[in-house]
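**Student:** To convert, note that position 205 of the sequence shown is 205 in the UniProt record's numbering; the numbers rise steadily by one, no gaps.
Note that the Cβ used here is the ideal one computed from N, Cα and C, for glycine as well.
On a predicted model such as this, the values are computed, not experimentally measured, just so you know.
Input: one structure, supplied below.
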Amino acid sequence: MPGIRLKDIPPFVRVVHPGDEFMVGFSQRELKRAKSASAIIFNTFDELEDDILDTLSLMFPLCYGIGPVHLLETNNVDRSLDIIKSNLWIEDPKCLKWLDGKEPLSVVYVNFGSITVMTPQQLVEFCWGLAKSNYSFLWIIRPDLVIGDSAVLPPEFLAETSSRGLLASWCPQEQVLNHPSIGGFLTHSGWNSTIESISSGVPMICWPFFADQQPNCWWSCNKWMIAMEIDNNVKSDEVSKLVIELMSGERGNEMRKNSFILSSMDSTQKNQPHVVCIPFPAQGHINPMLKLAKILHSKGFFITFVNTEFSHQRLLRTLGSAVLHDLPSFHFETISDSLPPPENPEATQDTTSTLKSLHENSLGPFKSVLYKASTLYSPVTCIVADFLMGFTLPAAEELDIPGILFWTSGAGSLICYDHYPTLIQKGLMPLKGK
1 MPGIRLKDIP
11 PFVRVVHPGD
21 EFMVGFSQRE
31 LKRAKSASAI
41 IFNTFDELED
51 DILDTLSLMF
61 PLCYGIGPVH
71 LLETNNVDRS
81 LDIIKSNLWI
91 EDPKCLKWLD
101 GKEPLSVVYV
111 NFGSITVMTP
121 QQLVEFCWGL
131 AKSNYSFLWI
141 IRPDLVIGDS
151 AVLPPEFLAE
161 TSSRGLLASW
171 CPQEQVLNHP
181 SIGGFLTHSG
191 WNSTIESISS
201 GVPMICWPFF
211 ADQQPNCWWS
221 CNKWMIAMEI
231 DNNVKSDEVS
241 KLVIELMSGE
251 RGNEMRKNSF
261 ILSSMDSTQK
271 NQPHVVCIPF
281 PAQGHINPML
291 KLAKILHSKG
301 FFITFVNTEF
311 SHQRLLRTLG
321 SAVLHDLPSF
331 HFETISDSLP
341 PPENPEATQD
351 TTSTLKSLHE
361 NSLGPFKSVL
371 YKASTLYSPV
381 TCIVADFLMG
391 FTLPAAEELD
401 IPGILFWTSG
411 AGSLICYDHY
421 PTLIQKGLMP
431 LKGK
């Protein structure tokens with residue numbers, strides 16, 4: 001762990017508070033005892049912590065990453081067992097309904113877990129930090145969150161944030177983190193919260209309290225690059241600054257991309273395969289790509305079909321808006337072609353101008369569509385692009401997923417294009433004379 005600080009070590013080991021001496025001795029005894037176990041299993045997955053698991057395997061008996069257990073439970077356990085709950089707090093049902101009314105990636109989720117406590121002053125600093133950020137938030141405030149007192153929020157804070165903040169005593173966290181409106185998570189860095197956030201592709205602000213939370217925070221910020229740390233001596237200005245960066249800053253966007261990549265690496269994910277199809281914006285190219293997308297959909301694939309805004313509007317006028325909405329596992333997205341709108345909205349666009357503009361301007365918007373689709377639905381697992389839309393391949397490479405090109409004409413014509421350099425070299429092209 002290069003660069004780790006003493007503050008990143010679990011506080012029990014630091015022997016700062018009375019009683020911590022017992023925890024140091026206890027941890028050493030249990031580590032020694034663990035060597036006699038048949039195996040040690042971890043609520044993690046190999047792609048996330050392979051190097052750590054490899055190192056532990058040299059120290060202990062067989063070590064296996066079997067997680068994330070919350071995803072395995074969701075995807076494999078008989079639903080008749082859903083009545084068996086593990087929460088010691090009663091969940092507030094209004095949280096999800098409130099989130100349904102929010103825009104994608106617009107809400108900060110704040111939850112410091114079931115044990116973390118803070119001082120009244122720290123509570124006030126978090127209050128005004130969230131208020132100054134101007135972002136919507138869902139804040140879970142347990143009755144015992146404040147040390148030796150009940151959590152009393154400033155009336156001015158409640159009045160200022162009443163239209164964009166929701167307070168609850170507890171919530172179904174896995175469902176909240178998977179909700180499309182959630183854009184970031186202010187957390188205590190408990191492992192359950194950390195791995196649930198990773199699985200959902202949600203970046204974090206970490207405020208660790210004790211136990212494993214300090215090293216969890218260090219890994220999230222320094223190894224996985226999916227989080228930012230907030231100082232223990234919390235101040236409202238720092239809270240506001242980090243929330244704004246998390247939700248809309250360059251660093252926040254980078255962390256969101258890293259979070260998505262980690263969530264895609266989790267081999268226990270049982271989401272249906274998610275294919276993004278992007279045709280060249282012309283009738284003869286959209287037609288076969290759309291047919292291919294429908295075939296893939298019939299085989300169990302989730303489809304995100306990406307048109308240019310110009311082509312999509314033409315489809316809407318032809319088919320009607322209802323046809324392209326609310327289709328199960330088949331979703332349409334658009335990117336701009338960055339061309340001036342034609343005088344005739346039904347005109348066929350110039351091929352050369354369209355190609356040039358798309359290849360110069362559209363990779364960034366296309367990446368944004370990929371991240372949005374992965375966040376709202378499930379991680380994108382493959383890109384199928386028209387052969388003329390090869391600018392999309394770097395996005396596939398960046399996400400480490402297959403990038404497939406679809407040549408919508410006969411194979412013989414591609415051979416002809418491939419011979420262009422030879423014909424030019426021989427002086428046979430371009431044609432001369434009349």
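Residues in its own chain within less than 6 Å of Asn-287 by CB, not counting five upstream and five downstream?
**Tutor:** none
**Student:** Between the Cα of Ser-329 and the Cα atoms of His-274, Phe-280, Pro-342, which residue gives the shortest distance?
**Tutor:** His-274
**Student:** Could you spell out the range, first to last residue, of the beta strand (DSSP E) harbouring Trp-219?
**Tutor:** No beta strand (DSSP E) contains Trp-219, which DSSP labels as neither H nor E.
**Student:** Specify, as a first and last residue, the run of the beta strand (DSSP E) that Leu-138 falls within.
**Tutor:** Here the beta strand (DSSP E) through Leu-138 covers 136-140.
**Student:** How is residue 436 classed by DSSP in three states: helix, strand or coil?
**Tutor:** In the structure as shown, the chain begins at 1 and stops at 434. Residue 436 is therefore absent and cannot be evaluated.
**Student:** Nearest-angstrom Cα distance between Gln-28 and Cys-63?
**Tutor:** Gln-28 and Cys-63: Cα-Cα distance of roughly 18 Å.
**Student:** Enumerate in chain order the residues of its own chain whose CB-to-CB distance from residue 439 is below 8 Å, with the five nearest sequence positions on each side excluded.
**Tutor:** Residue 439 lies beyond the residue range present for the chain, which begins at 1 and ends at 434; the question has no answer from this structure.
**Student:** Inspect the CB distances between the region 169-187 and the region 100-116 and report whether three or more fall short of 8 Å.
**Tutor:** yes
**Student:** What does Ile-118 pair with, by DSSP beta-bridge criteria?
**Tutor:** This sequence places Met at residue 118; Ile is not what is there. Answer is Val-146.
**Student:** Leaving out five residues on either side along the sequence, give the residues of the same chain with a beta carbon under 7 Å from the beta carbon of Val-202.
**Tutor:** Leu-177, Ile-182, Gly-184, Phe-185, Ser-259
**Student:** In whole angstroms, what separates the C-alpha of Asp-51 from that of Met-265?
**Tutor:** 15 Å
**Student:** So the candidates are Asn-307, Leu-167, Lys-235; which of them puts its Cα closest to the Cα of Lys-132?
**Tutor:** Of the listed residues, the one whose Cα sits closest to Lys-132 is Lys-235.
**Student:** Give the DSSP-derived three-state secondary structure of Asp-386 in the structure shown.
**Tutor:** strand
**Student:** Can you give the beta carbon distance from Ile-205 to Ser-263, rounded, assuming they're within the 8 Å contact cut?
**Tutor:** Their Cβ separation, rounded to whole angstroms, is 18 Å, which puts Ile-205 and Ser-263 out of contact at 8 Å.
**Student:** For His-312, does the three-state DSSP call read helix, strand or coil?
**Tutor:** helix
**Student:** Identify whether Ala-159 lies in helix, strand or coil by the three-state DSSP scheme.
**Tutor:** helix
**Student:** Let me know the secondary structure DSSP gives Tyr-377 once reduced to three states.
**Tutor:** coil
**Student:** Straight-line CA distance for Phe-310 to Ile-40?
**Tutor:** 56 Å
**Student:** Which whole-angstrom value is the C-beta distance of Asp-350 and Pro-215, which I expect to be below 8 Å?
**Tutor:** In fact, because the Cβ distance is near 58 Å, the residues do not count as touching under 8 Å.
**Student:** Hey, Ser-220 and Ser-189 are a contact pair by Cβ (cut 8 Å); roughly how many whole angstroms apart?
**Tutor:** Indeed they touch by this definition, with Cβ atoms about 7 Å apart.
**Student:** What are the boundary residues of the beta strand (DSSP E) that includes Ala-37?
**Tutor:** Neither: Ala-37 is in no beta strand (DSSP E) and is coded neither H nor E.
**Student:** Express the C-alpha separation of Lys-291 and Lys-299 in angstroms, rounding to a whole number.
**Tutor:** 13 Å
**Student:** Just to confirm, are Ile-66 and Leu-72 a CB contact at a threshold of 9 Å?
**Tutor:** Against a cut-off of 9 Å, the Cβ pair of Leu-72 and Ile-66 comes out as a contact.
**Student:** Between which two residues does the alpha helix (DSSP H) carrying Val-110 extend?
**Tutor:** The continuous stretches of alpha helix (DSSP H) do not include Val-110, which lies in the beta strand (DSSP E) extending over residues 107-111.
**Student:** Would Gln-173 pass as a contact of Ser-193 if the rule is Cβ separation under 9 Å?
**Tutor:** Contact: yes.
**Student:** In the DSSP assignment, find the alpha helix (DSSP H) that holds Gly-252 and state where it starts and stops.
**Tutor:** That run of the alpha helix (DSSP H) goes 250-265.
**Student:** What did DSSP end up calling Met-204 once you bin it into helix, strand or coil?
**Tutor:** Residue state, collapsed to three classes: strand.
**Student:** Below 8 Å on the Cβ atoms is my guess for Leu-123 versus Ala-168; work out the distance and round it to an integer in Å.
**Tutor:** With a Cβ gap of about 16 Å, Leu-123 and Ala-168 do not count as contacting.
**Student:** List the endpoints of the continuous beta strand (DSSP E) containing His-274.
**Tutor:** 274-278
**Student:** Going by the beta-carbon positions, is the gap between Pro-10 and Ala-37 smaller than 9 Å?
**Tutor:** no
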